[in-house]
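Asker:
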Amino acid sequence: MQLFSIFGNPVSHSKSPLMHNLSFQGLGYNGVYTRYKLENGSELRNKFLDLNIKGANITVPHKEYAFKACDELDIFAQKVGAVNTIVKKEGKLYGYNTDAPGFLKAISEFENIKRVLFLGAGGTAQSTSVILRDAGYEVSILNRSAGRLERYNKKGFKTFTFETFKLDEAFDLVVNMTSAGLEDDSLPCPIEILEEVVSKAKACVDVIYGKETPFLKFTKEQNKPTKDGSDMLLYQGIIAFEYFCDHQFTFDEIKEQMKKAFIL
Ligand code: NDP
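This is how it looks when you write it as structure tokens:
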């Protein structure tokens, strides 16, 4: 039997063990998936090898350590500097980023979207902004503080703080990429900005899942089509599972099993 795990801190809330174990079971794959609370990210590589793990997901706050722990990185992981999926093959650790393609797939279900506004400039925004731009979307970033915007400016994204924000042309999609609303009741930006951008948007997405955040509540009150982060979580999991099992199952076969984790 092959062993898989999620590494992070905290990990007790993670749905990944349920998602992957249901898929192993449903597809008849001889694997089991557990969780490991890792306090020091620099120990990731040694723990992975000591425990003789075949594959892992890496969550907050260790995605940059995971990037450094790998022997080989796929092109997109190299580009964004963050790894959330590692697979061991012939003694070497291979690193991938499945968060960003998971997000891309989740939003591609909305039609006629070109201009996207991200509220937030953290680690998740970093990889998803790049994949969206590569896919032809125009991404702008609005963040509470200026510090995190520097790396986006260097990559040529249009950026704003709350103080410098000005709406020249409507955004089709507005995404809450912050942790505002995760453990508190705050909106990701001042209500005046939100009213302006959401009223002109075609759809809105929150990457937080499993609860109705103040952002999602506000966007529903504006009668906008919305989604929380569940599809992103499901799709990043399916893409990771494809790597774990060397692509022996199709996306839809895995989805059929993994989506059961969202109704249990
Ligand atoms: P980071 O800690 O890297 O970044 C946090 C961002 O949120 C920063 O831009 C920060 O702004 C902003 N922020 C935090 N609190 C507030 C607030 N009260 N008001 C305004 N801005 C705020 O987080 P991540 O990028 O790793 O994660 C972001 C979110 O994505 C989390 O909620 C996480 O749960 C979710 N997520 C969902 C996934 C899924 O599969 N659905 C996968 C991965 C993440 P500042 O720079 O000013 O501090």
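Residues in the sequence shown are numbered from 7 upward in steps of one, following my numbering. Every residue gets a Cβ at the ideal spot worked out from N, C-alpha and C, and that includes glycine. As the structure is a computational prediction, the values presented were derived from the model and not from experiment.
Check the Cβ-Cβ distances between GLU70 and every residue of chain B, and say whether any is below 8 Å.
Answerer: Absent from the structure: chain B. Only one protein chain is present.
Asker: Keeping to the same chain, check which residues put their C-beta closer than 7 Å to that of ASN63; ignore five residues upstream and five downstream.
Answerer: Closer than 7 Å at the Cβ level, and outside the excluded window around ASN63, lie ILE12, SER22, ASN90, THR91, ALA246.
Asker: Per DSSP, TYR42 forms a beta bridge with which residues?
Answerer: PHE13, per the DSSP bridge assignment.
Asker: Is DSSP giving GLN84 helix, strand or coil here?
Answerer: Correct three-state label for GLN84: helix.
Asker: Going by beta-carbon coordinates alone, are LYS53 and TYR42 separated by less than 8 Å?
Answerer: Cβ distance < 8 Å, so LYS53 and TYR42 count as in contact.
Asker: Can ALA127 be considered in contact with the ligand NDP, in the sense that its beta carbon sits closer than 7 Å to one or more heavy atoms?
Answerer: It does: the Cβ of ALA127 is within 7 Å (strictly closer) of some heavy atom of the ligand NDP.
Asker: Is THR184 near the ligand NDP, going by C-beta to nearest heavy atom under 7 Å?
Answerer: Flag set: Cβ of THR184 near the ligand NDP.
Asker: Does the distance between the C-beta of THR130 and the nearest non-hydrogen atom of the ligand NDP fall short of 7 Å?
Answerer: THR130 Cβ: within cutoff of the ligand NDP.
Asker: Residue range of the alpha helix (DSSP H) that ILE137 falls in?
Answerer: ILE137 -> alpha helix (DSSP H) spans 129-140.
Asker: Closer than 7 Å by C-beta to LYS265: which residues in its own chain qualify, once you throw out the five before and the five after it? Chain order, please.
Answerer: Hits under 7 Å: LEU240.
Asker: Does the segment 24-32 come close enough to the segment 211-226 to have 3 or more Cβ pairs within less than 8 Å?
Answerer: No, the segment 24-32 is not in contact with the segment 211-226.
Asker: Go ahead and pull the three-state DSSP assignment for LYS191.
Answerer: Checking the sequence shown, residue 191 turns out to be Asp, not Lys. Looking at ASP191 - three-state DSSP - the assignment turns out to be coil, as it is neither helix nor strand.
Asker: When the Cα atoms are used, what is the spatial distance from GLN84 to ALA267?
Answerer: Spanning the two alpha carbons is a distance of roughly 31 Å.
Asker: Label GLN228 either buried or exposed according to how many other C-beta atoms from any shown protein chain fall within 10 Å of its C-beta, with 16 as the threshold for buried.
Answerer: By the neighbour-count rule (16 or more Cβ atoms within 10 Å), GLN228 is not buried but exposed.
Asker: Give me the DSSP bridge partner(s) of PHE166.
Answerer: Looking at the DSSP assignment, PHE166 forms a beta bridge with LEU148.
Asker: For the beta strand (DSSP E) containing ILE260, list its first residue and its last residue.
Answerer: Element bounds for ILE260: not the beta strand (DSSP E) but the alpha helix (DSSP H), 257-264.
Asker: In whole angstroms, what is the alpha-carbon distance linking LYS98 and ASP252?
Answerer: Distance between the alpha carbons of LYS98 and ASP252: 15 Å.
Asker: Here's the rule: buried if 16 or more other CB atoms are within 10 angstroms of the residue's CB, otherwise exposed. What is HIS19?
Answerer: Exposed, by the Cβ-count rule.
Asker: Assign SER151 to buried or exposed, taking buried as 16 or more other Cβ atoms, counted over all protein chains shown, within 10 Å of its Cβ.
Answerer: Flag for SER151 reads exposed.
Asker: Could you give the DSSP three-state label for THR65: helix, strand or coil?
Answerer: Correct three-state label for THR65: coil.
Asker: Using the three-state DSSP reduction, which class does LYS217 fall into: helix, strand or coil?
Answerer: The answer is coil: DSSP assigns LYS217 none of H, G, I, E or B.
Asker: Does GLN8 come out as helix, strand or coil in the three-state DSSP assignment?
Answerer: The answer is strand: DSSP assigns GLN8 an E or B state.
Asker: Taking the alpha carbon of GLN132 as the reference point, which residue from PHE73, PHE168, PRO194, MET183 has its own alpha carbon closest?
Answerer: Nearest option by C-alpha distance: MET183.
Asker: Quick check: does the Cβ of SER133 come within less than 7 Å of any heavy atom belonging to the ligand NDP?
Answerer: Incorrect: SER133 has no Cβ contact closer than 7 Å to the ligand NDP.
Asker: Taking buried to mean at least 16 other C-beta atoms within 10 Å of its own C-beta, is PHE107 buried or exposed?
Answerer: The identity of residue 107 in the sequence shown is Pro, whereas the question assumes Phe. PRO107 comes out buried.
Asker: For the segment 139-156 against the segment 205-212, are there 3 or more C-beta pairs whose distance is under 8 Å?
Answerer: No, the segment 139-156 is not in contact with the segment 205-212.
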